[in-house]
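What follows is a single structure, written as structure tokens, with notes after it.
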Amino acid sequence: MDRAANRSTPNGVVAVGIEDDVFIVGGGIAGMTAALAAAEAGASARLATKKQSTLRQASGLADVLGYVNGDLVVDPFEKIQTLPAEHPYSIVGESAIRAGLARFDRVTGDTYRGSHTDRNALVPTHGGTVKPTARYPESVAAGLGSDDRDMLLAGFDGLVDFDAPAAAAHLEATGVPFDTRGVTVTFPLDFEPDAKKTRFAHALDIDEGDVRGRLADRIAKVHENEPRIGLPAVLGTDEHRRIRTELANTLDADVFEVPTGPPSLPGIRLEGVYLSALRDAGVEIVRNEVVDFERSGKRITSVTVDRNGQRIPHAASSFVLATGGLVGTGLISDREAVREPVFDCHIQVPEDREDWYERDLYGEQPYAKFGVSVDEQLRPQTVGGEPEFENLRAAGSVLGGFDFPASGSGTGISLATGSLAGRLAGEEAT
Amino acid sequence: MPDATEVLVIGGGSTGTGLVRDLARRGIDATLVESGTLASGTTGRMHGLLHSGARYAVSDPESARECISENAILRDIAGHCIEPTGGLFVKRPEDSESYFDDKVTACRDCDIPVEVLSGEDARSIEPALDPSVERAIAVPDAAIDPFRLCVANAVDAENHGARIETHAEVVDLKVEDGAVVGAVIAQDPKSGDTETASDSARETILADHVVNAAGAWAGQIAGLADIEVAVRPSKGAMTVLNSRPVDTVINRCRPKGDADIVVPHETTAILGTTDVEVADPDAYAEAQWEVDLLIEELSELVPGIRDARTVRSYWGVRPLYEPPETGTDDPSDITRNYFVLDHKSRDDTAGLTTIVGGKLTTYRLMAEAVGDHVCDKLGIDARSDTASAPLPGSEHPGDIEAAMDRFGLRSPIARRSAERLGSRTEDVLAKVDPNPVVCNCEAVTRAEIQDAIEGTGPDLNAIRIRTRASMGNCQGGRCGHRLAAELHPTFDEPTAREALDELREERWKGQRHALWGVQLSQAMLNDAHFRTTLNEDRDPARTGESVDWAAFDDGSGGKPVDTKRGGGRGD
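So the protein sequences, as listed, match chains A and B. Positions 1142 to 1571 (our numbering) are the ones given, in order, by the first sequence. Positions 270 to 840 (our numbering) are the ones given, in order, by the second sequence.
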């Protein structure tokens, strides 16, 4: 669907441009969702992503709304009405949230669970508490906190991110309705002292040195007939189903994963699932950074990506900004200001840097809510409340007005706003 | 029965730990009590400079001479705490020519070896220096790890029979017949010695002599015996960069002023400092202008500082003191000398000595002076040997390389461990196998953490200062919960959890002064990890909240399982 077009840049250089209906800046869950929604609306879509996705940093769980004012939420849809007007959920409404989740369920198919109910699930964390989430990988499904079967947690000596005996003791302290025991087994292979989780996953993927069978044997020695066994989420990337099945069969118990910190295997797997959905939908992916754009009045006409020093323009009818927040470098800052670096959209922050944070680590951090403010069409607004551009929409963590760590809503916001921004951009462009 | 000791030392900073070591090595039964962790007051909140003395050569030659003499001694006895970076005093065009020349002369008069360099020569040593730097004086400054230094002193003291109590706050001094005879101590349960913070956690320690080495808090301690010691606490800000734009200590060559020093430290550099008198060493403003001033002013010496990543800022309080009636206004004009106050002759209260003023570089000398004074008071004839006896970790400096070879310690991780542990490397690393990295930023392994736990109990901030774990870029974002897990099962899970919460709080305290640029993004990433992935902030075990488990999705009623036993409840 590419349309090559000769374009004249202001400095007189004629470049062969590439033109699409919708161009999405950002390859996280919001950008990928927007690209799929645009494609579904019949538009040609192209997505630029400059580096590894932040999905590798996330747990791989899909939160919609876990807490409101600090209170644990059972059903996110019962609480959305209570959110303030500037919250992205209030702007897009319940139907957009449901549409976003429905798209997630279609993309992830049987690799994720939780779509059978609006209620949150409580998933064990690698630190040993539980956290609420709306959708969870199939690999963690047997570990839910509301399932009353007893649990064995098994960690690996040498994998310091998950200490199973400590996590089990902590889980007991949360009051879970089952008994938990934690053991540490020695992983059958010797790795470097700073081996990443992906190293463990790779070894299991290729069954290096018969590691799967040997690991199962070691766990079997300490297994006392608990009906379910939790392991750190390193059980393979491509072969994770087979690995889990083999372990379950040998141990005669359900085997589940406990999500960990980065790099996150469930996050990497989720990214893989989305990339294949993008491929199926015909979305082109540009693995370069957007460094510039051109405008004509209130419309963006093209963005320029940097490909090894070469500047390549990409024209499109509509654009979606999904570059992430402070974590994903969608927002950058210095000692004076916070900026949105791609289109320089307005970001409102307190003048005095001392007002950017609360003294309490777990307070409502003002910086967590930094981001673009948008109208009901998700168009970023100027300080005067006008659209920055007629054909630019924003989705995901680049949006302001919500604190995703405090509210447990990061993925849900990305799904809801990505879906809506992508659909509106696609409809506008075609 | 109250405990009894010959000498009770109050304060676990460099002076207190130096003193308890000095006394213990003289064969005196000594006990040290510290309200927080070792070095948690001023000692651990300075810029980590081992002075050559050049800074004081013009204004205070006596202090300068002490510095260069102690500088040489510490290189011998505490090599594993010191990085011999060297230092430069650099002059910009607007800085006084005559002061520069006076500095050179004064240093030579104080026996401080100096070399005058052209701007070009200075930049060949430190390419990051500003092109406008005209001249520089090379001096034997160095970087010193004050935490490691205090711990080494405390360990050596214990090896010689001393008792060290941290999280032990002096709540009263016992005075009988006009003499101080001991102190009442409140033990925090974190010390691991007590079950609860009840009355039973109060302990009286009787002593033949009490030494008040509480630094900026010395006035408060003396006040417990109704004695006035007018400490003039002065705060100074320090900002930590995540990298080392320079490998040499850079000082600005001007008479006095804020924001005039950069000290490279391990993987970081520390910018210092400011000098503002405060009323209360526990409550003062940590002002944004101080951080901005450090960055702006020091960028004039090293331009790369302007856009460098800062990971945190912290403030320390100098325990400045001058005799009553001196009446100096500007805290930067108050002498950096130390004073040994004999309260018998000064205030007619026997049994108590206060040591105030001074600086880290001369801690050993101060300790020796107080040790001599106490021996005199107690009629003990024993000499100090601390000027020649190496600290634990520095006994066999030549052996470290050989030990690293023997252990195959050639990886960058092992090298970092060996730098921190010195001659204890083999002993510590041999205990744990496998020995994974727990803190990636600072390359700290399980063996070092476990070794520190043996020495500290369940206090992650104390473990932090011994190992540097959680002191890197992510400020404990990735390793905090791992450190807590290392406490378990030696300590129970709630204890480990509380220790983690305290570490988080301490790390946040400094980090919140560096919330811009990459570090603001890091803070957001940490938020996501702590509050989303780990859910520490709403953890039912911490909040005590009772969860209605049955109200949530238990996995039943979902999609069919894809493996024999892949997920959900099989029934």
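A virtual CB, placed ideally from N, CA and C, is assigned to each residue, including glycine. All values derive from a computational prediction rather than experimental measurement.
For SER467/B, which three-state DSSP category applies? Note on SER467/B: pLDDT 47, under 50, position unreliable in the model; the coordinate value appears next. Of the three classes helix, strand and coil, the one that applies to SER467/B here is coil, per DSSP.
If I follow the unbroken alpha helix (DSSP H) through CYS748/B, where does it start and stop? It is not in any alpha helix (DSSP H) - CYS748/B carries neither H nor E in the DSSP assignment.
Would the stretch 615–626 of chain B count as touching the stretch 470–490 of chain B if we require 3 or more Cβ pairs under 8 Å? These segments touch.
Let me confirm a value: GLU1367/A is counted as buried when at least 16 other C-beta atoms fall within 10 Å, else exposed. Which label applies? buried
Kindly indicate which three-state DSSP category PHE369/B falls into: helix, strand or coil? helix
Cβ of TRP486/B within 9 Å of any chain A Cβ: Among the residues facing chain A, TRP486/B is not included, as its CB has no counterpart in that chain under 9 Å away.
Given a cut-off of 9 Å on the beta-carbon distance, is the pair GLY585/B and GLY505/B in contact? yes
Is the separation between the beta-carbon of LEU570/B and that of VAL359/B shorter than 9 Å? Closer than 9 Å, so yes.
For chain A, is any of its Cβ atoms less than 9 Å away from the one on ILE564/B? yes
Does the stretch 388–403 of chain B touch the stretch 290–297 of chain B, meaning 3 or more C-beta pairs lie closer than 8 Å? Not touching, per the Cβ criterion.
So, helix, strand or coil for LEU1293/A, using DSSP? If DSSP states are grouped into helix, strand and coil, LEU1293/A belongs with the strands.
With a threshold of 16 other CB atoms inside 10 Å of the CB of PRO705/B, please say whether the residue is buried or exposed. buried
Which chain A residues are close to GLY824/B, counting only those with a beta carbon under 8 Å from its beta carbon? ARG1254, ALA1262, ALA1282, ALA1283, LEU1285, SER1287 and ASP1288
Could you have a look at ASP477/B and say whether DSSP puts it in helix, strand or coil? DSSP, reduced to helix, strand and coil, places ASP477/B within a strand of the structure shown.
Whole angstroms is fine: what's the gap from ASP1348/A's alpha carbon to LEU1388/A's? 12 Å
Note down, in chain order, all residues in the stretch 772–792 of chain B with a beta-carbon under 8 Å from any beta-carbon belonging to chain A. Cβ contacts with chain A: ARG773, GLU774, TRP777, ARG781, LEU784, TRP785, GLY786, LEU789, SER790 and ALA792.
Measuring CB to CB, does THR604/B end up less than 9 Å from GLY573/B? no
Please list, in chain order, the chain A residues whose beta carbon lies closer than 8 Å to that of PHE821/B. VAL1215, ARG1260, ASN1261, ALA1262, LEU1263, PRO1273, LEU1285, GLY1286 and SER1287
In chain order, which beta strand (DSSP E) runs of at least 3 residues are fully inside the stretch 561–616 of chain B? 579–590 and 607–611
On the criterion of 16 or more Cβ atoms from any shown chain inside 10 Å, does ALA554/B qualify as buried, or is it exposed? Exposure of ALA554/B is indicated by the presence of fewer than 16 other C-beta atoms within 10 angstroms of its C-beta.
LYS1192/A, buried or exposed, once every other Cβ within 10 Å from all chains shown has been counted against 16: exposed
For TYR325/B, the three-state DSSP class (helix, strand or coil): helix
Where LYS1362/A falls: helix, strand or coil (DSSP): Reduced to three states, the DSSP call for LYS1362/A is helix.
Can you look up PHE841/B in the DSSP assignment and give me helix, strand or coil? As shown, chain B starts at 270 and ends at 840. That puts residue 841/B outside it, with no answer to give.
Under the DSSP definition of a beta bridge, which residues are partnered with SER503/B? GLU546/B and ARG587/B
Mind checking if SER1200/A is an interface residue toward chain B, Cβ cutoff 9 Å exclusive? yes
Quick check: PRO661/B and GLY348/B, are their CB atoms within less than 9 Å of each other? No, they are not a contact pair.
Residue range of the alpha helix (DSSP H) that includes THR1249/A: 1229–1249
Whose Cβ in chain B lies nearer than 7 Å to the Cβ of ASP1358/A? Within chain B, no C-beta atom comes less than 7 Å from the C-beta of ASP1358/A; the nearest is roughly 18 Å away.
Indicate whether ASP720/B and THR306/B have their beta-carbon atoms separated by less than 9 Å. no
Using the beta-carbon count (16 or more within 10 Å), is GLN791/B buried or exposed? buried
Once DSSP output is grouped into helix, strand and coil, what is the label at GLN1518/A? In this structure, GLN1518/A counts as coil in the three-state DSSP scheme.
6 Å Cβ shell around LEU442/B - same chain, five flanking residues per side excluded: VAL449, ALA452, LEU493 and ALA494
Identity of the residue in PRO1546/A, LEU1561/A and THR1270/A nearest ARG800/B by Cα: PRO1546/A
Enumerate in chain order the residues of its own chain whose CB-to-CB distance from ALA1562/A is below 7 Å, with the five nearest sequence positions on each side excluded. The residues are ALA1175, VAL1461, LEU1519, ARG1534, ALA1535 and ALA1536.
To the nearest angstrom, report how far apart GLY447/B and ASP611/B are at their CA atoms. 14 Å
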